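Take a look at the structure set out below.
Numbering (our numbering), first residue to last: 1 to 1007.
Structure below.
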């Protein structure tokens, strides 16, 4: 970058408009910027920095706007800085105006105009300026991109503040690190350290989170297992936690299965005991019923015995009535008896016709006994009716069990079918995930190789293009060197000839009576005369100008040749000897491989999501399968209980309904049979009585009374009964007979008699025993179910813990790897012997380059005595990497730069600043810096050292640079002819250009 012109208006101490022509100043190569204290020398440099970056250096950058404006400026004059410069072959001009508080155009008071900026470029084709941007941000980005330096770097590289570098020499490693970090922009390496540390923290958090989830599963397993599991005394993140949890889970599962087996055996024993208790309860209930039946029969027999006298009287009364009836008037008795006999016989025939074959032939007594038996049997069918209703309910329950069994079979079949292919599905998904992860890793690796391959290809193309240019430049530089040598020889010859004729040239200036400038004599008896071929001063200056012009052209050609050689060396170093075609093929192959790996890696997230959904489906179906199995096991016991109850009820109902289809049909059958038998018995009895009466009337009408045993007919008439009384008496007699028959039948039953001989039945005790057995069965079933659930829970939690351990293994490996790398770059790892952070390591390399570049100039300034070297030794307990020592060739000792004297510190810091400028320039992209400024420090040097320092600065012109020195030292004004003087006055400061002119003249006028 070369500065051409700087225009200032109302800036800093300059109240008016001032211009600095850097092209004239730079023509001499070395120029001096001087003036009294407070005149504004530094403000010139501030203006350059403000024009480029919109702010001034260092602490002066606060309060931009108002503090930049000159207090000497007129109210209507706006502050403005315009800088013309060339960078990267482009001629640019940038103008900036800070915020300005000006008087209002209308009314009183002031108003503030916003800051303005303008960047424009000179178009050589049209020979005119064109505007590029008026945006502060765009202009700042454009300038930073063109220069390749931030404001801080520019102030350190172009505006060399010697005090800062003196402090740099005496600073500790931390302070040097901060300065170098700002200059070389090593924040990305610090960012790498932060990102690695953050990744380490994130990885540690993820590992701890996984271990916490594992411990949570372990606590759930401990809750499920009770006291059968002991948790490991390890915290999340500690090694060995996963193995300890899995081992404890295995022990808990084994113990739970043993408890499940024990509970199953206890349930079987409880079921056997409950069945025995139910049978015992049924036996006790039957014995109680028989004993109560026997007691009732005995009570009825005793009641019959108490009414035996009344029964005998009734029998006697009935007997007299029959006798009286027999002795009624013969005809009436005969006719009545005949009609009654026919009617009774018909009824008896009809009633017998409705009876089955065996009962139709029975007599009246037999029919009455059969009727009583049917009535008794009908009374015993009530419990059978309840059993029949229960049997219908059992059928509904069995149908419901069958339906649920079919549903669970469908669930099991579907789950088994799906789970049969689970291993293949999971393996396929995991294979897809691993393939995608490998592709992602491969893509990262390939991405790191793409940019080097592209750079090598570009370098190879530059190498091929520069090879031919270098040969042409070499021949051109050789020709320029030959022309320079010829011009130098001509100039020396002309100078020698002029020196030989210098006496004649001096004699030409002599005048009579005036002293000679050589000997002081006022008389000149024999002045020298010019001979033919005399060379005057103008001829010598023309030869010198030709020689200098040739030197400049030679230097320009050599610089061009050197630049081409450096560029070719850099391109060759980067590309190597590989052919361009092969590098192009390698770059294309790297791009294609990277694109393919990225394409394959894009399937990672979908595969993980599909695996997560498949695992959730597997867990759901496994749970459904276990629940269906548990329900099936519980239905087995329920079905067995229902089957036993059904068999018992069917056995009872079979006995109760006999040949009928149902108990209800049997009851209806018995009701009809009892009614028919009763009717048949009555009609048979009536028919028998009517037959007897008819026979008495027909056969022994005359002898009826005698046979009847009546003494008189009146007695027979008194003994005669009407129909109602006769039926009532007969009913009482029949009831007696029926009751007596029933009692005799009951007392004659073997089961009833046997039950009466046994101890009284204890229904309450048997019921309590059956209830206790049922409760024990329920407790055993509950214990078995709980043990089964415990096993299922432990199996599920163990599987989840194992899956968690497998998923956590890659995270733990990645965390270990990142932690080792983070410790290495942070300087805390044992592998980092010097405890150097990554940023310090990079800065140490840059400091080593700066020390090497500075040594080349320091040795010239110190007459070969001092050499700057970089040291990576540790200082005390601190970290190493940024030490800076000076080697004294006179003593052969290496010592700290803080031990240098004031003058030694100055030229050491100057050499360091120049070396740093070279390194930062190369780091910033190789932008040439053709204009440098050095601020103060020359007053601490002696004459010899000052000469050596100026020689070093003057040597910068070999690289076509111009150096501006800002100093108060008066001796520099005598040594440096090109000067920019800042003059201060009451109305503000102004600038003057003095001394060197490109034509070779020295001037002193105000510019």
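A virtual CB, placed ideally from N, CA and C, is assigned to each residue, including glycine.
Just so we're clear, the structure is a prediction, and the values are computed from it rather than from any experiment.
1. Tell me, to the nearest whole angstrom, how far the beta carbon of residue 548 is from that of residue 480; I am working on the premise that it is less than 8 Å.
2. Whose C-beta lies closer than 6 Å to the C-beta of residue 575 among residues of the same chain, with five residues either side of it excluded?
3. So what does residue 116 bridge to, in DSSP terms?
4. Are the region 112–120 and the region 94–102 in contact at 8 Å, needing three or more beta carbon pairs?
5. At the level of alpha carbons, what is the spacing between residue 1002 and residue 107?
6. Residues bridged to residue 965 by DSSP?
7. In the structure shown, what three-state DSSP assignment does residue 56 receive?
8. So, at 6 Å on beta carbons, what are the nonlocal neighbours of residue 871 in its own chain, with the 5 sequence-adjacent residues on each side left out?
9. So, for residue 876: in the same chain, excluding its five sequence neighbours on each side, which residues have a beta-carbon less than 7 Å away from its beta-carbon?
10. Following the continuous beta strand (DSSP E) through residue 867, name the residue where it begins and the one where it ends.
11. Which one of 196, 245 and 128 has the shortest CA to CA distance from residue 816?
12. Count the other CB atoms, across all protein chains shown, that sit within 10 Å of the CB of residue 93; report buried if there are 16 or more and exposed otherwise.
13. Does DSSP put residue 991 in a helix, in a strand, or in coil?
14. Could you tell me the alpha carbon to alpha carbon distance between residue 1015 and residue 442, rounded to whole angstroms?
15. Under a three-way DSSP split, which group does residue 1039 fall into?
16. Does the Cβ of residue 41 have 16 or more other Cβ atoms within 10 Å, making it buried, or fewer, making it exposed?
17. DSSP three-state label for residue 982, please.
18. Given that a residue counts as buried once 16 or more other Cβ atoms are within 10 Å of its Cβ, and exposed if not, what is residue 409?
19. For residue 268, count neighbouring C-beta atoms within 10 Å of its own C-beta (all shown protein chains included) and say buried if the count is 16 or more, exposed if not.
20. Is it the case that the Cβ atoms of residue 729 and residue 314 are separated by a distance below 8 Å?
21. Under 7 Å: does the beta carbon of residue 740 sit that close to some heavy atom of the ligand MN?
22. Determine the burial state of residue 12: buried for a count of at least 16 other Cβ atoms within 10 Å of its Cβ, exposed for fewer.
23. Can you list, in chain order, the residues of its chain whose CB lies under 7 Å from that of residue 741, leaving out five sequence neighbours each side?
24. According to DSSP, what are the bridge partners of residue 777?
25. Taking buried to mean at least 16 other C-beta atoms within 10 Å of its own C-beta, is residue 987 buried or exposed?
26. Smallest Cα separation from residue 724: which of 321, 488, 900 and 498?
27. Report the rounded CA-to-CA distance for residue 573 versus residue 566, giving the unit in angstroms.
28. Quick test of your reading: residue 46 and residue 56, contact by CB under 8 Å. State the CB separation rounded to the nearest angstrom.
29. Please look up how many angstroms separate the CB atoms of residue 142 and residue 119, rounded, as I've assumed it's under 8 Å.
30. When DSSP builds the beta bridges, which residues end up paired with residue 11?
31. Ignore the nearest five residues each way along the sequence and tell me which others in residue 419's own chain have a CB closer than 8 Å to its CB.
32. On the three-state DSSP scale, how would you describe residue 534?
33. Is the region 343–352 close to the region 676–689, with three or more CB pairs under 8 Å?
34. On the three-state DSSP scale, how would you describe residue 605?
35. What's the C-alpha gap between residue 8 and residue 29?
36. Residues in the same chain with beta-carbon distance under 8 Å from residue 79, minus the five sequence neighbours each way, listed in chain order, please.
With the structure as the only source:
1. Between residue 548 and residue 480, the beta carbon gap of about 13 Å keeps them out of contact (Cβ cut-off 8 Å).
2. If the five residues before and after residue 575 are omitted, its C-beta is found closer than 6 Å to the C-beta atoms of 456, 459, 460 and 463, all from its own chain and listed in chain order.
3. 97
4. yes
5. With a pLDDT of 40 at residue 1002, under the threshold of 50, the modelled position of this residue cannot be trusted, and the question is left open.
6. 32 and 934
7. coil
8. 883 and 885
9. Caution applies to residue 876, whose pLDDT of 49 falls short of 50 and renders its modelled position unreliable; the value that the coordinates give is listed next. Result list for residue 876: empty, nothing under 7 Å.
10. Counting along the chain, the beta strand (DSSP E) containing residue 867 begins and ends at 866–871.
11. 196
12. buried
13. strand
14. Not covered by the structure: residue 1015. The range shown for the chain is 1 to 1007.
15. Because residue 1039 is not part of the residues shown, which for the chain are 1 to 1007, the question remains open.
16. buried
17. Residue state for residue 982 is assigned as strand, using DSSP reduced to three classes.
18. exposed
19. exposed
20. yes
21. Questions concerning the ligand MN fall outside what the structure shown contains, since it holds no ligand whatsoever.
22. The residue in question, residue 12, is buried, as its Cβ has 16 or more Cβ neighbours within 10 Å.
23. 369 and 372
24. Paired residue(s): none; residue 777 is not in a bridge.
25. exposed
26. 321
27. 10 Å
28. 4 Å
29. That belief holds up - the Cβ atoms of residue 142 and residue 119 are roughly 7 Å apart, short of 8 Å.
30. 14 and 69
31. 618, 621, 622 and 625
32. coil
33. With the cut-off at 8 Å, the region 343–352 and the region 676–689 touch.
34. Residue 605 falls in the helix class under three-state DSSP.
35. Cα-Cα distance, rounded: 23 Å.
36. 9, 10, 11, 68, 69, 70, 73, 97, 98 and 100
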